[in-house]
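Residue numbers (my numbering), protein chains in the order written: chain A, 47 to 173; chain B, 47 to 173; chain C, 47 to 173; chain D, 47 to 173.
Accompanying notes for the structure given below.
There are 4 protein chains.
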Amino acid sequence: MIQINERSLLPLYEQIVQQMKELIAKGVLQEGDKIPSVRELSAQLLVNPNTVAKSFQELERQGIIVTHRGKGTFVAKRAAAPGMERERIEQLQAELRHVVVEARHLGISREQFSAWTEEEWRRFGGE
Amino acid sequence: MIQINERSLLPLYEQIVQQMKELIAKGVLQEGDKIPSVRELSAQLLVNPNTVAKSFQELERQGIIVTHRGKGTFVAKRAAAPGMERERIEQLQAELRHVVVEARHLGISREQFSAWTEEEWRRFGGE
Amino acid sequence: MIQINERSLLPLYEQIVQQMKELIAKGVLQEGDKIPSVRELSAQLLVNPNTVAKSFQELERQGIIVTHRGKGTFVAKRAAAPGMERERIEQLQAELRHVVVEARHLGISREQFSAWTEEEWRRFGGE
Amino acid sequence: MIQINERSLLPLYEQIVQQMKELIAKGVLQEGDKIPSVRELSAQLLVNPNTVAKSFQELERQGIIVTHRGKGTFVAKRAAAPGMERERIEQLQAELRHVVVEARHLGISREQFSAWTEEEWRRFGGE
DNA sequence: GTGGTCTAGACCACT
DNA sequence: GTGGTCTAGACCACC
């Protein structure tokens, strides 16, 4: 389910984090679902177990998943994030700004950009 | 004109590259305009000259600026490097996807997201 | 300045985190001070560099220190923690409760406990 | 009477140990009282019997409870294991120090901290 | 020189 | 079996 791109600038563990979040946003993984174990995933992705473990720890820190000692790792119930949201929202806006600037630079039209946005938005959880 | 954030995850030279591009996107810097020298900028930003030089190399690689030996560095004509556009567009779409996924995880509504996009789009030169 | 106890139940990286915080609370390390590098500390403590690095990343996550690429790691300016404080304060109260329960179990008197508290409080930053 | 928190960092068996001690400190369980069996407790807490058994072993090791083969498990007389007290007191002081350091990092005032301590102290049996 | 990432492989605590 | 910790040693980006 997850594709690792060795040539990407993103660290492997970040790729896993992002794609895990995509799977959850898409609904492929739902609240309470069990996630493949560190060892399973590392074998499947041909990546070191430590790297997968790091991803899981980061996802847990973000309140996306929870781990139960000896049992495994599961998709968390929503609304875990307490108060630090504002900070993350600001970061998100900064990233959005960056994307817009890049788009204008590449000569993307407003319409094209909106179409892409709509497509991605539909892709992750309809609405 | 450029703001350096020491605490950002982005490398200093990347911050300079991005903000340079923003300045051009906004029209503050126009085709053919002369850009401050490496020494000037490094003094102004309190950043190592090597770092500024690296930014300029990157901008030149992307076809955003051109340097004329002994004369200085200038904003390039909207030629843009030929074949690598497709690659950069794909990267842009990947970034857009990432931003959308993050937004959904933070519980942002479709309307809110569109509003932000519009705001950013307007911000960089009305079109 | 830091003492590692191999026999402790606490992970090595946690011991480093805690003692670092103690040094800062005591004022031995002050805002803006440079912290020994990962390699220095790991050599000094006879601990793997990765372990020290993990401590630093945890301290940075808590807003206690900041790292500047290629320059080193420094004690952060206060007031970094944004909104997640409430959560941490609740955790602190839980720990305090635990300590009190343990104390009563060991037959410590109220006076003895207060004396210890006062001593520790004086130890870290007077007032 | 005992609340299990699956998401806590503490092992399940440690949570049981601590809360058992709290119940005794509060006087809910008194010297000589019979304690529910491993099976009863495990059914009630929805926890593996092995886990409960481990808690009981730990409590017995600390001299808090005693088991009489075929009769059941009981709250011990306040004998407490002889030599290991010093060790536990030292550990307690280390924990207290840690709590104080955390409090200072969170900007808690001396008065606030004292108030909390008093509250907790009162909470577990007025003395 | 600095910290960040990754691999390989080991041991431990918990279920 | 699960995740968490630690070591050893490598490579990389940044300054």
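The C-beta atom is built at its ideal place from N, Cα and C for all residues, glycine as well.
Whether Val-145 (chain C) touches Val-145 (chain D) by CB criterion (8 angstroms): The answer is yes: Cβ separation under 8 angstroms.
Selected residue, minimal CA-CA separation from Ile-81 (chain B), among B:His-114, B:Leu-56, B:Trp-167: When each option's Cα is compared against that of Ile-81 (chain B), the closest is B:His-114.
Where Gln-146 (chain C) sits in the DSSP three-state scheme: In the sequence as displayed, the identity of residue 146 (chain C) is Val instead of Gln. Val-146 (chain C): helix per DSSP, three-state reduction.
Counted within 10 angstroms of its Cβ, other Cβ atoms place Ala-161 (chain C) as buried (16 or more) or exposed: Counting C-beta atoms within 10 angstroms of its own C-beta, Ala-161 (chain C) has fewer than 16 neighbours from the protein chains shown and is therefore classed as exposed.
Cβ-Cβ distance between Ile-111 (chain C) and Ala-122 (chain C) below 8 angstroms: Cβ distance < 8 angstroms, so Ile-111 (chain C) and Ala-122 (chain C) count as in contact.
Environment of Ser-101 (chain A) [buried if 16+ CB atoms lie within 10 Å]: With 16 or more other Cβ atoms inside 10 Å of its own Cβ, Ser-101 (chain A) counts as buried.
Complete beta strand (DSSP E) runs within the stretch 88–139 of chain B (minimum length 3 residues, chain order): Complete beta strand (DSSP E) runs here, min 3: 111–114, 118–121.
Three-way DSSP call (helix, strand, coil) for Ile-50 (chain B) in this model: Reduced to three states, the DSSP call for Ile-50 (chain B) is coil.
Close beta carbons around Gln-61 (chain A), own chain, < 7 angstroms, minus the five adjacent residues each side: Contacts found: Ile-50, Asn-51, Ser-54.
Contact belief for Val-147 (chain C) with Glu-131 (chain D) at Cβ below 8 angstroms, rounded distance in angstroms: Rounded, the Cβ-Cβ distance is 16 angstroms, inconsistent with contact.
Cβ-based neighbour list, Ile-48 (chain C), same chain, cut-off 7 angstroms, excluding 5 preceding and 5 following: Residues Ile-62, Gln-65, Leu-91 of the same chain have their beta carbon placed closer than 7 angstroms to that of Ile-48 (chain C), with the five preceding and five following residues left out of the count.
Nearest-angstrom Cα separation, counted from Ser-83 (chain A) out to Thr-119 (chain A): Cα-Cα distance, rounded: 7 angstroms.
Beta-carbon separation (whole angstroms), Phe-170 (chain C) vs Ala-71 (chain C), contact threshold 8 angstroms: Contact between Phe-170 (chain C) and Ala-71 (chain C) holds, with the beta-carbon distance rounding to 4 angstroms and staying under 8 angstroms.
Whether Leu-152 (chain D) touches Leu-138 (chain C) by CB criterion (8 angstroms): A contact, by the Cβ cut-off of 8 angstroms.
Coarse secondary structure for Ile-81 (chain A), derived from DSSP in three states: Residue state for Ile-81 (chain A) is assigned as strand, using DSSP reduced to three classes.
Residue span of the alpha helix (DSSP H) that contains Ile-70 (chain C), given as start and end: Unbroken alpha helix (DSSP H) run through Ile-70 (chain C): 58–72.
Proximity winner among C:Gly-73, C:Ser-88, C:Asp-79, relative to Leu-58 (chain C) (alpha-carbon distances): When C:Gly-73, C:Ser-88, C:Asp-79 are compared, the shortest CA-CA separation from Leu-58 (chain C) is found for C:Ser-88.
Rounded distance between the beta-carbons of Arg-107 (chain D) and Pro-95 (chain D), thought under 8 angstroms: Between Arg-107 (chain D) and Pro-95 (chain D) the Cβ distance is about 19 angstroms, and since that is not below 8 angstroms, they are no contact.
Chain-ordered neighbours of Phe-102 (chain A) on chain B, where CB pairs are closer than 7 angstroms: Here the premise fails: no neighbours, minimum Cβ distance about 16 angstroms.
Nearest residue (CA-CA) to Gly-78 (chain B), options B:Gln-103, B:Glu-104, B:Leu-56, B:Arg-124: Comparing C-alpha distances from Gly-78 (chain B) to each of B:Gln-103, B:Glu-104, B:Leu-56, B:Arg-124 shows the shortest one belongs to B:Arg-124.
Inter-residue spacing [alpha-carbon to alpha-carbon] between Ala-126 (chain B) and Gly-109 (chain B): Below a pLDDT of 50, predicted positions are generally treated as unreliable, and Ala-126 (chain B), at 45, falls in that range; the measurement from the model is reported next regardless. The alpha-carbon atoms of Ala-126 (chain B) and Gly-109 (chain B) are separated by roughly 5 angstroms.
C-alpha gap between Glu-173 (chain D) and Glu-164 (chain C), whole angstroms: Because Glu-173 (chain D) sits at a pLDDT of 49, beneath the cut-off of 50, its placement in the model cannot be relied upon, and the point is left open.
Partners in chain A for Val-145 (chain B), counting only beta-carbon separations shorter than 7 angstroms: Within chain A, the C-beta atoms nearer than 7 angstroms to that of Val-145 (chain B) come from Leu-138, Glu-141, Leu-142, Val-145, in chain order.
Burial state of Arg-150 (chain A), where buried means 16 or more other Cβ atoms lie within 10 Å: Classification of Arg-150 (chain A): buried, given that the 10 Å Cβ count is 16 or more.
Chain A contacts made by the stretch 64–79 of chain B, where a contact means CB separation under 8 angstroms: So the list reads Gln-64, Lys-67, Glu-68, Ile-70, Ala-71, given in the order they occur along the chain.
Check whether Arg-134 (chain A) and Trp-167 (chain B) have beta carbons under 8 angstroms apart: It is not a contact, given that the beta carbons lie outside the stated cut-off.
8 angstroms Cβ shell around Leu-56 (chain C) - same chain, five flanking residues per side excluded: Apart from the 5 residues on each side of it in sequence, Leu-56 (chain C) sits with its Cβ closer than 8 angstroms to the Cβ of Gln-64 in its chain, given in chain order.
Local conformation of Ser-155 (chain A) per DSSP, three classes: Here Ser-155 (chain A) sits in coil by DSSP.
Chain D residues whose Cβ lies nearer than 9 angstroms to that of Thr-119 (chain C): Within chain D, no residue has its beta carbon less than 9 angstroms from that of Thr-119 (chain C); the closest one is some 17 angstroms off.
Nonlocal neighbours in the same chain, by C-beta distance under 6 angstroms from Lys-117 (chain A), ignoring five residues either side: Within the same chain, no residue comes within 6 angstroms of Lys-117 (chain A) by CB-CB distance, once the 5 residues on both sides are set aside.
Same chain, Cβ closer than 8 angstroms to Val-74 (chain A), five either side skipped, listed in chain order: The residues are Met-47.
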